[in-house]
Amino acid sequence: MKCQKCERPALVHITDLTGGKIHEKHLCPEHAKEYLSQPSNDTAGLTGLAAALAQHMAQKMQVGQASAELAELDQQTCPVCGITFYEFRNQGRLGCPNDYVCFWEQLQPLIVNIHGEEQHIGKRPLRSPRGAERRMQLIRLRREIKEAVQEEDYERASRLRDQIQRIECESA
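Count the sequence shown with my numbering and you get residues 1232 to 1403, in order.
See below:
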């Protein structure tokens, strides 16, 4: 659907109920911001609370800036497992425990929203911290072995494979 004031796509849909009549507006983000921020004839029929809400929404609508920030954030990569934030958003799964550290700023509101807390409260895991270190090392080595194969450095890949096997035998 196109914006009622220009040819861009209408991403904001506003339904006004004034005088018992329903008025629908389909606007692009720029025209929606303009519409919501102006206390003109369009918003004159709104109550004080609705007008305040409309102005608040207009202030928060900075779509261009938000999309640029998201594009920059999507390029952020974990140094251990190599997963990008974009891959996490698409898959819904993190690559390794270090991702919680790398993406903490973005994950924290999500964790609080889902669990109500940002810190785990309850029993401690039976596994030792040393086990976590081994898993992190295995993740890193597996990523390196993939890179070595892609670069056709088979000698390095075989050394990495042997190192992975040694670590897996130690933990078994």
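All C-beta atoms, glycine included, are put in the ideal place defined by N, C-alpha and C.
Beta-carbon proximity list for residue i, same chain, < 7 Å, skipping 5 on both sides
i: E1348; result: none
i: D1273; result: Low per-residue confidence applies at D1273: pLDDT is 47, beneath 50, and the placement is therefore not dependable, though the value from the model is reported in the following sentence. Around D1273: Y1266.
i: A1379; result: R1387, A1388 and L1391
i: Q1337; result: L1304 and F1316
Segment limits, alpha helix (DSSP H) that includes residue i
i: I1245; result: Counting along the chain, I1245 falls outside any alpha helix (DSSP H), though it belongs to the beta strand (DSSP E) covering V1243 to T1249.
i: N1321; result: F1316 to Q1322
i: C1333; result: D1330 to C1333
Opposing strand residues paired with residue i [DSSP bridges]
i: L1341; result: The partner list for L1341 (beta bridge, DSSP) is empty, contrary to what the question assumes.
i: P1240; result: K1233
Span of the beta strand (DSSP E) around residue i
i: L1258; result: K1252 to L1258
Closest by C-alpha distance to residue i, when choosing among the options
i: L1391; options: E1401, C1400 and R1374; result: R1374
i: C1312; options: K1252, K1377 and I1352; result: K1377
i: K1236; options: I1253, K1264 and G1250; result: K1264
i: R1320; options: D1384, L1301 and I1398; result: L1301
i: L1369; options: R1397, Q1350, A1379 and R1387; result: R1397
i: R1387; options: L1372, I1253 and I1342; result: L1372
i: C1327; options: A1363, R1239 and I1395; result: A1363
i: Q1394; options: E1383, E1382 and R1365; result: R1365
i: E1399; options: M1367, E1238 and Y1385; result: M1367
i: C1309; options: D1330, E1303 and H1257; result: D1330
i: R1419; options: A1379, V1380, G1250 and H1257; result: Residue numbering for the chain in the displayed model covers 1232 to 1403; residue 1419 lies beyond these limits and cannot be assessed.
Beta-carbon contacts of residue i that lie in its chain and below 6 Å, excluding the five residues immediately before and after
i: D1305; result: F1316 and Y1317
i: A1275; result: Legend: pLDDT at A1275 = 49, less than 50; position of this residue unreliable, value from coordinates given subsequently. No residues qualify anywhere along the chain.
Distance CB(residue i)-CB(residue j) smaller than 8 Å
i: L1248; j: C1259; result: no
i: E1255; j: H1262; result: no
i: C1333; j: Q1350; result: no
Cutoff 8 Å; reference residue i; Cβ partners in own chain excluding five residues on either side
i: Q1339; result: E1349
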